[in-house]
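Peer 1:
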Ligand code: TYD
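In my numbering, the protein residues as written are 636 to 1059.
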């Protein structure tokens, strides 16, 4: 890897989905550090790299894309992000396995390959159903953890080359899965080529990505960070896959991560009929204003207002002498804090259940990350709910904190304060 940090980010030249260069500028969030770039405590942070974080919309296929791509070797080789061991996520993974198996009649013994398989949590659900599984993940440490637990995992990026090699070594796959990884990849055409080679003729490629329409309509601007290169609509994906010999056959709209879509893709001439929901969702996107600049301008305006409201609320509470801590240290929390100009002057610490994050400090704001036990011993007056995508589970779990007078600030879609009474 080149030590010159300037060279770690490249400006995009054309739309990665359709090749167009006709862009609408949507939002620009400034020079921002990497959202999963947690730092050791007590270091000098002068060298911390920052990169432009801005979103544009392709006026041809309406892919929403970051303007700059950070080298994936910088982002993912030493990745600290581990799949959250939450009840919500465990239930969700079970559901994903059921949906894939039931809709496409996948029998026990079939080969299931997952790209970006992390610690193997999702593939373990397929193993419970006696599938043959193989993970592919460039994060070496995570691939080792997965293999250790019995989910064989290649420490690699998924590509046309690795797709081909997997087919040679393991045979064609009945299911290729990519949960929250497709939006992280720059060369999606290369991934599509790898999938085409690896999939059986009746195989299915299932990708789960955050749903761009939900992000726009629910003001989830903190999900914008350097790892998320693309923000997809069903329409954009359908057009993209059609150019690569593949066809979107089904879509399921899910609640996780602030609203996601599970998109099922087969070979263009494969046996799976295209279910009506695909066109229904594309029509809904058109009606919402997919092809009009106004939808994106409206989003940008709401983002500005939210940043302003949250900064003011936190400023007022601090002026009254209230203490504030972050609940959770998700990547999106770092976008929120950095782009609202908040720092460790306002937010004393964050609690997070991920041991790898505890003892480190957040990128950019340098707020220390503590364990949930520390939070119980030092309850702040207000918790800023950075992991708002788990708000139901967390507000339920934190009943005692609320009952004893603690409050939550839920920042998204619009900042609001939750008390014991309003949580009911
Ligand atoms: P996640 O939703 O995976 O978000 P992102 O993709 O933005 O990183 O992260 C949730 C974080 O919140 C994760 O670090 C674990 C933490 N967390 C808690 O600390 N307590 C909880 O009860 C839950 C559900 C999550």
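Positions of the beta carbon are idealized from the N, C-alpha and C atoms, including for glycine.
1) Write down the C-beta distance between residue 687 and residue 703 rounded to the nearest angstrom, noting that I regard them as a contact closer than 8 angstroms.
2) Enumerate, from N- to C-terminal direction, the unbroken beta strand (DSSP E) stretches of 3 or more residues contained entirely within the region 876-926.
3) If the criterion is Cβ atoms closer than 7 angstroms, does the pair residue 795 and residue 818 meet it?
4) Compute the Euclidean distance between the alpha carbons of residue 707 and residue 970, then round it to the nearest angstrom.
5) I'd like to confirm something about residue 733: is its beta-carbon nearer than 6 angstroms to some heavy atom of the ligand TYD, or not?
6) Threshold first: 3 residues or longer. Then list the beta strand (DSSP E) segments lying entirely within the region 1008-1059, N to C.
7) Would you check if the distance between the CB atom of residue 1016 and the CB atom of residue 946 is smaller than 7 angstroms?
8) Check whether the region 867-885 touches the region 913-921, taking contact to mean three or more Cβ pairs, one atom from each stretch, closer than 8 angstroms.
9) Taking the alpha helix (DSSP H) that residue 975 belongs to, which residues open and close that run?
10) Candidates 866, 895, 900: which alpha carbon is nearest residue 1061's?
11) How would you call residue 954, buried or exposed, if buried means at least 16 neighbouring beta carbons within 10 angstroms?
12) Enumerated in chain order, which unbroken segments of the beta strand (DSSP E) with a length of 3 residues or greater are wholly contained in the region 757-801?
13) Whose C-alpha, out of 695, 745, 1046, is nearest the C-alpha of residue 944?
14) Just to confirm, does residue 995 get its C-beta within under 6 angstroms of one of the non-hydrogen atoms of the ligand TYD?
15) Beta-carbon within less than 7 angstroms of residue 837's beta-carbon, same chain only, minus the 5 sequence neighbours each way: which residues are those?
16) May I ask which residues mark the beginning and end of the beta strand (DSSP E) holding residue 693?
17) Using only CA atoms, which one of 729, 761, 1009, 981 lies nearest to residue 951?
18) If you check the beta carbons only, do residue 662 and residue 935 fall under 7 angstroms apart?
19) Checking the sheet assignment: what are the DSSP bridge partners for residue 660?
20) Compute the distance between the beta-carbons of residue 972 and residue 1000, then report whether it is under 7 angstroms.
21) Does the region 877-892 come close enough to the region 984-993 that 3 or more CB-CB pairs lie under 8 angstroms?
22) Please report how far the alpha carbon of residue 775 lies from the alpha carbon of residue 674, in whole angstroms.
23) Reducing DSSP to helix, strand and coil, say where residue 721 ends up.
24) Pull up the CB-CB distance for residue 691 and residue 658, whole angstroms please, since I reckon it's below 8 angstroms.
25) For the ligand TYD, any of its heavy atoms closer than 6 angstroms to the Cβ of residue 974?
26) Determine the burial state of residue 797: buried for a count of at least 16 other Cβ atoms within 10 Å of its Cβ, exposed for fewer.
27) Skipping 5 residues on each side, what residues in its chain have a beta carbon closer than 8 angstroms to that of residue 764?
28) So the beta strand (DSSP E) residue 931 belongs to, where does it begin and stop?
29) Quick one, which of 988, 705, 1043 has its alpha-carbon nearest residue 821's?
30) When the Cα atoms are used, what is the spatial distance from residue 825 to residue 852?
31) Output yes or no for whether 7 angstroms exceeds the beta carbon distance between residue 755 and residue 784.
32) Across which residues does DSSP place residue 674 in a beta bridge pair?
33) Starting from the Cα of residue 964, find the closest Cα among 976, 984, 948, 975 and give me that residue.
34) How far does the alpha helix (DSSP H) with residue 826 in it extend, from its first residue to its last?
35) Taking the straight line between their C-alpha atoms, what separation do you get for residue 1026 and residue 1006?
36) Is any non-hydrogen atom of the ligand TYD found closer than 6 angstroms to the C-beta of residue 999, if you look at the structure I gave you?
Peer 2: The relevant details are as follows:
1) About 5 angstroms separates the beta carbons of residue 687 and residue 703, which is inside the 8 angstroms limit, making them a contact pair.
2) Unbroken beta strand (DSSP E) stretches of 3 residues or longer found wholly inside the region 876-926: 881-889, 895-902, given in chain order.
3) When the beta-carbon positions are compared, residue 795 and residue 818 stay at least 7 angstroms from each other.
4) Here the alpha carbons of residue 970 and residue 707 stand approximately 19 angstroms from one another.
5) The answer is no for residue 733.
6) With a minimum length of 3 residues, the continuous beta strand (DSSP E) runs that stay inside the region 1008-1059 are 1017-1020, 1042-1045, 1051-1053.
7) Not closer than 7 angstroms, so no.
8) The region 867-885, when compared against the region 913-921, does touch it at the 8 angstroms Cβ threshold.
9) In the DSSP annotation of this structure, residue 975 is not part of any alpha helix (DSSP H), being labelled neither H nor E.
10) Not covered by the structure: residue 1061. The range shown for the chain is 636 to 1059.
11) The C-beta of residue 954 has fewer than 16 other C-beta atoms within 10 Å across all chains shown, which makes the residue exposed.
12) For the region 757-801, whole beta strand (DSSP E) runs of length 3 or above, ordered along the chain, are 767-771.
13) The residue with the shortest Cα to Cα distance from residue 944 is 1046.
14) Checking the Cβ of residue 995 against the ligand TYD gives no.
15) Here the set comprises 905, 906.
16) For residue 693, the enclosing beta strand (DSSP E) covers residues 685-693.
17) Considering only alpha carbons, the answer is 981.
18) Yes; because the gap between Cβ atoms is below 7 angstroms, this pair is in contact.
19) 691, per the DSSP bridge assignment.
20) Yes, the Cβ-Cβ distance between residue 972 and residue 1000 is below 7 angstroms.
21) These segments do not touch.
22) Pairing residue 775 with residue 674, the inter-Cα distance amounts to about 19 angstroms.
23) DSSP places residue 721 in coil when its eight states are reduced to three.
24) The pair is a contact, with the Cβ atoms about 4 angstroms apart (cut-off 8 angstroms).
25) No, the beta carbon of residue 974 sits no closer than 6 angstroms to any heavy atom of the ligand TYD.
26) Burial check for residue 797: the Cβ neighbour count within 10 Å reaches 16 or more, so the residue is buried.
27) Cβ neighbours of residue 764 beyond the five flanking positions: 732, 736, 743.
28) It is not in any beta strand (DSSP E) - residue 931 instead sits in the alpha helix (DSSP H) that spans 928-954.
29) It is 705.
30) Residue 825 and residue 852 have their alpha carbons spaced roughly 31 angstroms apart.
31) Taking 7 angstroms as the cut-off, the beta carbon of residue 755 is found closer than this to the beta carbon of residue 784.
32) For residue 674, which the question treats as bridged, DSSP gives the partners 996.
33) Distances from the alpha-carbon of residue 964 to those of 976, 984, 948, 975 put 984 closest.
34) Counting along the chain, residue 826 sits inside the alpha helix (DSSP H) bounded by residues 823-833.
35) Between residue 1026 and residue 1006, the C-alpha separation is close to 18 angstroms.
36) No, the Cβ of residue 999 stays beyond 6 angstroms of every heavy atom of the ligand TYD.
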